[in-house]
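A short write-up of the structure that comes next.
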Amino acid sequence: MLSSKANWKYIDNPPVEERESLDIAMSPIVKDLFLQRGITTTEEAKQFMQPDLNHLIDPFCLNGMEKAVKRIKEAVDNNEKIVVYGDYDADGVSSTVVLLHALNKIGAVYEYYIPNRFTEGYGPNEAAFRQLHQAGFGLIITVDTGIASIREAEVAKELGLDLIITDHHEPQAEIPDCYTIIHPKLSEAYPFKELAGVGVSLKLAHALLGELPVEVLPYAAIGTIADLVPLVSENRILAAFGLKELQRTNYVGLKALKQVCQLEETITEEDVGFRIGPRINAVGRLGDADLAVDLLLEEDAEIALEMANELNHINEQRKKIVQDIVGEAMDMVQTDKRIIIVAKEGWNEGVLGIVASKLVQKYDRPAIVLAKKPEQGIVKGSARSIPAFDLFEGCMTVRDLFTHFGGHAQAAGMTLPAENLEPLETALNKLLFENLSEEDFKQELYINAILDMEDINVSLIEEIGKLSPFGMGNSKPLFEIKEIPKEVRQIGSRKNHLKMQFASSNAQIDTVGFGFGELKEAISPYTKVSVAGELSVNEWNGRRNAQIMLEDLKITERQLFDFRGKKAEQLLSETVKEVFVCGEPLRLREHQETFTYKEALSKKLDAYQTIGFTALPASLDDMKKIIRQVNPENIVIAIRQVPNQYPFQFPSRKEFVDYYSLIKQHKKFQIKEMQKAIEQHRGWNEAKVMFMSEVFADLGFAEKKDGWLRYAESGNKKDLSESEIYQSCMKQKEAENILIYSNYQDLKKWFEACMDTPNNLKEEAVYGL
Numbered sequence: 001m002l003s004s005k006a007n008w009k010y011i012d013n014p015p016v017e018e019r020e021s022l023d024i025a026m027s028p029i030v031k032d033l034f035l036q037r038g039i040t041t042t043e044e045a046k047q048f049m050q051p052d053l054n055h056l057i058d059p060f061c062l063n064g065m066e067k068a069v070k071r072i073k074e075a076v077d078n079n080e081k082i083v084v085y086g087d088y089d090a091d092g093v094s095s096t097v098v099l100l101h102a103l104n105k106i107g108a109v110y111e112y113y114i115p116n117r118f119t120e121g122y123g124p125n126e127a128a129f130r131q132l133h134q135a136g137f138g139l140i141i142t143v144d145t146g147i148a149s150i151r152e153a154e155v156a157k158e159l160g161l162d163l164i165i166t167d168h169h170e171p172q173a174e175i176p177d178c179y180t181i182i183h184p185k186l187s188e189a190y191p192f193k194e195l196a197g198v199g200v201s202l203k204l205a206h207a208l209l210g211e212l213p214v215e216v217l218p219y220a221a222i223g224t225i226a227d228l229v230p231l232v233s234e235n236r237i238l239a240a241f242g243l244k245e246l247q248r249t250n251y252v253g254l255k256a257l258k259q260v261c262q263l264e265e266t267i268t269e270e271d272v273g274f275r276i277g278p279r280i281n282a283v284g285r286l287g288d289a290d291l292a293v294d295l296l297l298e299e300d301a302e303i304a305l306e307m308a309n310e311l312n313h314i315n316e317q318r319k320k321i322v323q324d325i326v327g328e329a330m331d332m333v334q335t336d337k338r339i340i341i342v343a344k345e346g347w348n349e350g351v352l353g354i355v356a357s358k359l360v361q362k363y364d365r366p367a368i369v370l371a372k373k374p375e376q377g378i379v380k381g382s383a384r385s386i387p388a389f390d391l392f393e394g395c396m397t398v399r400d401l402f403t404h405f406g407g408h409a410q411a412a413g414m415t416l417p418a419e420n421l422e423p424l425e426t427a428l429n430k431l432l433f434e435n436l437s438e439e440d441f442k443q444e445l446y447i448n449a450i451l452d453m454e455d456i457n458v459s460l461i462e463e464i465g466k467l468s469p470f471g472m473g474n475s476k477p478l479f480e481i482k483e484i485p486k487e488v489r490q491i492g493s494r495k496n497h498l499k500m501q502f503a504s505s506n507a508q509i510d511t512v513g514f515g516f517g518e519l520k521e522a523i524s525p526y527t528k529v530s531v532a533g534e535l536s537v538n539e540w541n542g543r544r545n546a547q548i549m550l551e552d553l554k555i556t557e558r559q560l561f562d563f564r565g566k567k568a569e570q571l572l573s574e575t576v577k578e579v580f581v582c583g584e585p586l587r588l589r590e591h592q593e594t595f596t597y598k599e600a601l602s603k604k605l606d607a608y609q610t611i612g613f614t615a616l617p618a619s620l621d622d623m624k625k626i627i628r629q630v631n632p633e634n635i636v637i638a639i640r641q642v643p644n645q646y647p648f649q650f651p652s653r654k655e656f657v658d659y660y661s662l663i664k665q666h667k668k669f670q671i672k673e674m675q676k677a678i679e680q681h682r683g684w685n686e687a688k689v690m691f692m693s694e695v696f697a698d699l700g701f702a703e704k705k706d707g708w709l710r711y712a713e714s715g716n717k718k719d720l721s722e723s724e725i726y727q728s729c730m731k732q733k734e735a736e737n738i739l740i741y742s743n744y745q746d747l748k749k750w751f752e753a754c755m756d757t758p759n760n761l762k763e764e765a766v767y768g769l
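Residue numbers (the working numbering): 1 to 769.
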């Protein structure tokens, strides 16, 4: 057996009649995907596959929009200086650029301002507002920020600044008192509440211009996808059309950014999420986000390319910093705790959320990663969680330990006095032990359907592609297949990736798992493997084949790992857990113990999951007793062929009869002298003759002393099996035949039979025992 890394959860398949009600020319598998997403009518399915800009909601349905547009146009008419106050992530940068574009088109006098993460922190701040006032700005418009800026709104009023807040983050109990606020969740008449910051900014731009500025949709797609808002309704429309516009954009800055990201033709949501978004985010994480805004506004191709390369360089620095901190953090992790809390002086605050995410992925534990500030006596950083633990609620139970805290169920930011670190760890660790089981700490994997290999082909994958762009609220579907792999191998320069090939008479599917290379040794031959992953098309030399990109795998049947002839020290890999070995002492890893057969038979071993054997037992019965007691998930057989105690072909009953007749005839002889004649006429070697002599002596049919064998009259009839020497040899030969000389499949059948009840060992008939 092999446990999955995640908890697999299966999405219910809808009733067949609902599937048949969808009048679209698509496979039943894809129809089920629509129904699982709550799309239950043919019209809804067609609209989902064909997003339409005409389905965008009127921006004036947002509260405050009319008032905001009026105030901005007054500022334009009066040549009043306007500042767009943004945020330093990809959504904030995109939001800033979208609104600047609209202000430029209506002839406004404008600038932008994005605070520095390290010197100013998140969101509007009083010092910045006072500085902007002194610089002659009369109107501040926030984008992707501001809904929690109660104090800053008071400062704006005090200074005579008009403040328009556009934001999408969760409104708090108290709302800022400012000129006006545009926020979907504060607009009862606006039906879609999940716009990203750039979506709200685009709504304002649309209202200002009187029409949708299609040319800025690439920025809307970048911000929407990078901010991980649900890609449904308006967000789906903006992402779908924005990706198309991004492919053909003439904006110099975007073209330069695409060039350094090595994007040419079709651009997907994954390209934004994993290439474009991280490069924009990196600037704000390590320093000043102005470079990202300036790049997107740049009109000179040569300068834009230089700036894009600088963004790329900063992103490489960011990756290196994350890698270094992750390495240092992993050395500090205490695996006996149910929460990870690590802190160190000098860690870059801008990347601690990424580090926390990587620790969660590695250890399946909530993680809090903090930078120590000794001069201030505080620690400051970010946290990420697992699905089963609401980080916000958990931390709110100890809110008094924090100086500042904010976030939601899966992510949070915090500042606290350094001396509160230990009480925080103690309190949260206790909370997790009391409320979560060990199984709760696994990540969750939602599987849309279990497929046969024959179901999977390029046509199906192309149909599924019509549900893109995928993201939050419209996840890329995951499928499971359960088959015996034809081939399992490690790939990549470091052999850290896994490739499996499944084949049947009608189909062949490759599965590729990045980072799963170590599991090769955990998959035994002729074993069904359940794999879960995304379907994709592999294009190579003009051929297009369906494949599965592995997300997780598991094996639900017992496995036999056959390492006969190898040294056990070389075979007990990290993937085979909790092994105890009946045989010679070994230097084993942690969680492994070594016992002899005698010790194993006297111990309670049912807590072990895997059992390993490195030496022949005196009797197969000993091995059976141990196996039945443990009932293991996996068996490792690593018995090496050793010099035989009985180096001969086992005598037949006729050979025993013939030798006994010889003894009776001669009455007394020296065994070695008789051996020469026996070997010449019968072909029996010395070991075989000596063995039969000892058996007869053991039964009392002869006396063996000082090299002589003497016939002994015996009135008792005895069977050969009554000799302990005979039984011992028989048992060893039996063990050798099964445990050393049998093929893999026969050996596996024997072990499976061992785990049956003692009265149900039918499989053993195969071996003629």
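Note that beta-carbon positions come from the ideal geometry of N, C-alpha and C, so glycine has one too.
* **Unbroken stretches of the beta strand (DSSP E), 3 residues or longer, contained in the region 41-120** => 81-85, 109-113
* Alpha-carbon spacing of Glu483 relative to Ser530, whole angstroms -> 7 Å
* Do you know how far the Cα of Ile280 is from the Cα of Arg318? -> Those two C-alpha atoms are separated by around 11 Å.
* 4-residue-minimum alpha helix (DSSP H) runs that sit fully inside the region 439-513, ordered along the chain -> 458-465
* To do: Report the three-state DSSP secondary structure of Arg248 (helix, strand or coil).
  => helix
* Contact check, Ala108 vs Val76, beta carbons under 7 Å -> yes
* Determine the direct distance from the alpha carbon of Ile303 to that of Glu111, and round the result to whole angstroms. => 20 Å
* **Distance CB(Val322)-CB(Val360) smaller than 7 Å** => No, the pair does not count as a contact, with Cβ atoms beyond the cut-off.
* Asked: Below 7 Å between beta carbons: does that hold for Ile164 and Ile141?
  -> yes
* Asked: CA-CA distance, Ser468 and Ser475?
  -> 9 Å
* Buried versus exposed, by CB contacts within 10 Å (16 or more), Arg224 -> Note that residue 224 corresponds to Thr in the displayed sequence, not to Arg. Its Cβ being crowded by 16 or more others within 10 Å, Thr224 is buried.
* Between the Cα of Phe563 and those of Pro525, Val537, Glu534, Leu519, spot the shortest distance and give me the residue it belongs to. => Pro525
* Beta-carbon proximity of Leu22 to Thr42, cut-off 7 Å -> In this structure, Leu22 lies near Thr42, with their beta-carbon atoms less than 7 Å apart.
* Can you grab the Cα-Cα spacing for the pair Cys754 / Asp622, in whole Å? => 11 Å
* Cβ-Cβ separation, Ala532 to Asn13 (assumed contact under 8 Å), whole Å -> Between Ala532 and Asn13 the Cβ distance is about 16 Å, and since that is not below 8 Å, they are no contact.
* Which of the three DSSP states, helix, strand or coil, is assigned to Pro585? -> With a pLDDT of only 49 at Pro585, under the threshold of 50, the placement of this residue in the model should not be trusted; the figure read from the coordinates follows. The answer is coil: DSSP assigns Pro585 none of H, G, I, E or B.
* To do: Have a look at Leu769 and Ile456 and give me their C-alpha separation to the nearest angstrom.
  => A caution first: Leu769 carries a pLDDT of 23, below 50, which makes its placement in the model unreliable, though a value can still be read off. Using only the alpha carbons, I get a separation of about 46 Å.
* To do: Using a threshold of 7 Å, state whether the C-beta atoms of Asn312 and Val260 are closer than that.
  => yes
* Asked: Do the region 730-747 and the region 604-619 meet, that is, are 3 or more Cβ pairs less than 8 Å apart?
  -> The answer is yes - the region 604-619 touches the region 730-747, with three or more Cβ pairs under 8 Å.
* Length at least 3, wholly inside the region 255-343: the beta strand (DSSP E) runs in chain order -> none
* Rounded straight-line distance, which links the Cα of Tyr219 to that of Asn116 -> 22 Å
* Asked: How many Å lie between Leu231 and Gly473 at the Cα?
  -> 6 Å
* Limits of the beta strand (DSSP E) - the one that Asp552 falls within -> 543-554
* To do: Keeping to the same chain, check which residues put their C-beta closer than 6 Å to that of Ala411; ignore five residues upstream and five downstream.
  => Arg384
* To do: Compute the Euclidean distance between the alpha carbons of Ile635 and Asp606, then round it to the nearest angstrom.
  => 14 Å
* To do: Please report how far the alpha carbon of Val576 lies from the alpha carbon of Glu518, in whole angstroms.
  => The pLDDT assigned to Val576 is 49, lower than 50, so where the model puts this residue is not dependable, and the model offers no usable value.
* With 16 other CB atoms within 10 Å as the buried threshold, where does Phe241 fall? -> buried
* To do: Within 10 angstroms of the Cβ of Glu542, are there 16 or more other Cβ atoms? Answer buried if so, exposed if not.
  => For clarity, residue 542 is Gly in the given sequence; the question names Glu instead. Under this definition Gly542 is an exposed residue.
* To do: Using 10 angstroms around the beta-carbon of Leu53, count the other beta-carbons present and answer buried if the total reaches 16, otherwise exposed.
  => Leu53 comes out exposed.
* Could you say which of Glu375, Val379, Ile325, Gly377 lies nearest to Ala356 if we only look at CA atoms? => Ile325
* How about Asn348: is its Cβ closer than 6 Å to a heavy atom in the ligand FAD? -> Among the components modelled here there is no ligand, and therefore nothing to report on the ligand FAD.
* On the DSSP bridge assignment, give the partners of Ile538 in chain order. => Checking the displayed sequence, the identity of residue 538 turns out to be Asn instead of Ile. Answer is Asn545, bridged to Asn538.
* To do: Between the Cα of Lys486 and those of Glu298, Asp452, Thr527, spot the shortest distance and give me the residue it belongs to.
  => Thr527
* Asked: Taking C-alpha atoms, which residue in Tyr113, Val272, Gly136, Leu99 lies nearest to Ala207?
  -> Leu99
* Other residues of its chain near Asp552: CB distance less than 6 Å, five sequence neighbours each side excluded -> Ser4, Lys5, Ala6, Leu445, Ala532
* Residues of its chain near Ile114, where Cβ-Cβ distance is below 8 Å and the 5 sequence neighbours each way are ignored -> Tyr85, Gly86, Asp87, Tyr88, Gly92, Val93, Thr96, Gly284, Asp288, Ala289, Asp290, Val293
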